[in-house]
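Going line by line, the protein sequences match chains A and B. Going letter by letter, the first sequence gives residues 1006 to 1299 in the numbering used here. Going letter by letter, the second sequence gives residues 599 to 888 in the numbering used here. For glycine and all other residues, C-beta sits at the position ideal for the given N, C-alpha and C. On a predicted model such as this, the values are computed, not experimentally measured, just so you know. Let me begin by presenting the structure, written as structure tokens, before commenting on it.
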Amino acid sequence: MDANNNVAAFVFLSPWLLGMICLTLGPILASFYLSLTSYDMFSAPKWIGFDNYIKMAFEDGRYYQSLKVTFSYVLLSVPLKLAFALGIAMLLNRGLRGLGFYRSVFYLPSLLGGSVAVAIMWRQVFSYDGIINQILMKFGIDGPSWITSTDYALYTLVALAVWQFGSPMVIFLAGLKQIPQDIYDAAEVDGAGPVRKFMSITIPMLTPIIFFNFVMQIIGAFQAFTPAYIISGGKGGPADATLFYTLYLYEQAFTNFQMGYASAMAWVLVGIIGTATAASFLSARYWVHYGDER
Amino acid sequence: MTDATAISGASRHSLINWRGLAIHAGLIAAALVMIYPLLWLASSSVKPSNLIFSDLSLWPTRFRLQNYVDGWRGAALPFSTFFLNSFIIAGLAVVGNVFACSMVAYAFARLNFAFKKTLFALMMLTIMIPLHATLIPQYALFYSLGWVNTFLPLVAPKFLAVDAFFIFLMVQFIRGIPRELDEAATVDGAGPIRIYWSIILPLLTPALVTTAVFSFIWTYEDFLSPLVYLTSMDKYTVPQGLNLLMSSKGASSWGPLLAMSLLSLVPLFVVFFIFQRRLIEGIAATGLKG
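Shown next, in the form of structure tokens:
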């Protein structure tokens, strides 16, 4: 409006402007520049063009392993987590007594999930003489050594992620509440059974929420770090079976001081997350229905 | 009323009840499975180490509170150091996020200025940038400022409203506060700073509480940033202390490690039980990650 308001506005915006320029936009651009250099923090970056990217694409087997681990984790954990979240949300959305209690209990693991303590707990639960194997033993099954086995270690991390389905569940619950009951009543009059009602009413009405949860979970899953670090003792073991992308990036940057290479990895991660998000948004035109189109 | 209708009425009633009961039974079973690892953690934290992996029952047959004493002193430094560090960092993060984000949100929601739309779009875009993309240059910046191994790299960004998600949360909330209040204050001669402080901030309290609670939880739980920035043990946070205890003690003393793990969750439990509804509503309304 007037100059006065401009001055006031920029006074209010100043912390954020400074933060955005110095801690977000500046670093993002710097990160791209560093990705084209060889840089160890202690001497000036040396320009090497696209060598880091070429090394990543053609010469680094561990890099491929980290991609494989991360994609397996994302592709397994996100759908399972969302399926549990939706399933439990639907059970809770029946006007049951004690809704608040159940909601809190199911949500609690989500809240604690990022903590080191929970990762340590999980490590014990799935260790060779841990509680899972003790329970399996009751049924006469001799369970594997989950976290030290290359075949199973990643699945324990998937299980930990799925255990934290509470936060998408809460969002699903809020979405389910918005679906008007008369649509179901009308469908019932027309003879629709539970499966039909689920497929033709619940799912379509919920697509914007499913979409939102899906995108948020994908973005989060690609960045998973703490559980993998704790459960594998910081090394992504056994035999790189849990070498998450972020874990390898951390190792390259802060253990090996290959900051240029790690910056290139960071940029590829931005590309992967950006592509996954963009692809979700593009596909959304075909399956996400917003209320006002009806 | 004939017998037939009475019977069908009764059986229909009991049918609905059975179904409700079955759902409750299923949900309680699922809830127990969900909570079981936490109960196991609690019970193991008071068991002698040799019983943790052999005694399945949740109720310990022998209590060993010594685990807590050993754990507290167990890493190179006592956990009081780690807790103090964590509380200082998380406390400052709360203050920083509450003030910086509310100032910025007020400007976006209520003031007019040049490039407002562009800047708002930029702010929304920064929400999506993964932490790792900025980590290395940020580290180089803080290193050159001499901030490595101080709390500043963990705290200062919060005072610069780097967690843009909270700005968005507050903008949405301020949009719901009637503009007439601002206009009346303007007529009375109040400027933007006065309006922000005396009208918007008090009415924004629910959003500020949500921001404060999530800032606390996420900062307290954070492991990567302290791992990168804090190098000497006397600066370590609780998650780092646990990591230290785990790697220094190895498999020999699970009891103390699990005792400290449980203890480290206590502040989160407390916050959760005080603010349950606000946390859950915050998630539901805005899709904050959790």
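- DSSP places A:T1247 outside both helix and strand once states are collapsed to three, so it counts as coil.
- Excluding five sequence positions before and after A:F1037, the CB atoms of its chain that fall closer than 7 Å to its own CB belong to W1272, given in chain order.
- Not a single C-beta of chain A is nearer than 8 Å to the C-beta of B:I772.
- Per DSSP, reduced to three states, the secondary structure at A:K1051 is strand.
- Among the CB atoms of chain A, none fall inside 8 Å of the CB of B:A627.
- With 16 or more neighbouring CB atoms inside 10 Å of its own CB, B:S641 falls in the buried class.
- Taking a Cβ-Cβ threshold of 8 Å, none of the residues of chain A is close to B:P646; the smallest such distance is about 15 Å.
- The beta-carbon of B:W852 is placed less than 8 Å from the nearest beta-carbon of chain A.
- DSSP places A:S1205 in the helix class (H, G or I) of the three-state scheme.
- Unbroken alpha helix (DSSP H) stretches of 4 residues or longer found wholly inside the segment 798-853 of chain B: 803-819, 822-827, 836-847, given in chain order.
- Between A:P1114 and A:W1151, the C-beta gap is not smaller than 8 Å, which leaves the two residues out of contact.
- Sequence-ordered contacts of the segment 647-681 of chain B with chain A read I650, F651, S652, L654 [C-beta pairs closer than 9 Å].
- The DSSP-derived three-state label of A:S1132 is coil.
- Nearest to A:T1029 by alpha-carbon distance, out of B:L739, B:N665, B:L886, B:F871, is B:L739.
- Chain A has a Cβ within less than 8 Å of the Cβ of B:W638.
- Between the segment 1129-1136 of chain A and the segment 662-678 of chain B there are fewer than three C-beta pairs closer than 8 Å, too few to call the two in contact.
- Under the Cβ distance rule, A:F1015 counts among the residues neighbouring chain B, one pair being separated by less than 8 Å.
- Judged by their CB atoms, A:V1175 and A:Y1112 are nearer to each other than the 8 Å cut-off.
- For a cut-off of 8 Å, the C-beta gap from B:K756 to B:N695 is around 5 Å, short enough to register as a contact.
- Interface with chain A (8 Å Cβ-Cβ cutoff): B:L767 is excluded.
- The way I'd put it, the segment 748-768 of chain B does touch the segment 820-840 of chain B; three or more beta-carbon pairs between them come closer than 8 Å.
- The residues M1061, in chain order, have a CB closer than 6 Å to that of A:Y1068 in the same chain once the five nearest residues on each side in sequence are set aside.
- When 8 Å is used as the limit between beta carbons, A:N1010 is near these residues of chain B: L709, N710, F711, P790, in chain order.
- In the structure shown, A:T1029 falls within a helical segment according to DSSP collapsed to helix, strand and coil.
- Secondary structure of A:S1237 (DSSP, three-state): coil.
- The Cβ of A:A1179 sits closer than 8 Å to at least one Cβ of chain B.
- Annotated three-state conformation of B:T659 is coil, per DSSP.
- A:S1043 is bridged by DSSP to A:K1051.
- In this structure the segment 1009-1017 of chain A touches the segment 698-717 of chain B; the number of beta carbon pairs closer than 8 Å is three or more.
- For the C-beta of B:I621, the chain A residues within less than 8 Å are, from N- to C-terminus, L1096, R1099, L1101.
- Look at B:I815: its C-beta is under 8 Å from a C-beta on chain A.
- Taking 8 Å as the threshold, the shortest C-beta distance from A:F1262 to chain B does not fall below it.
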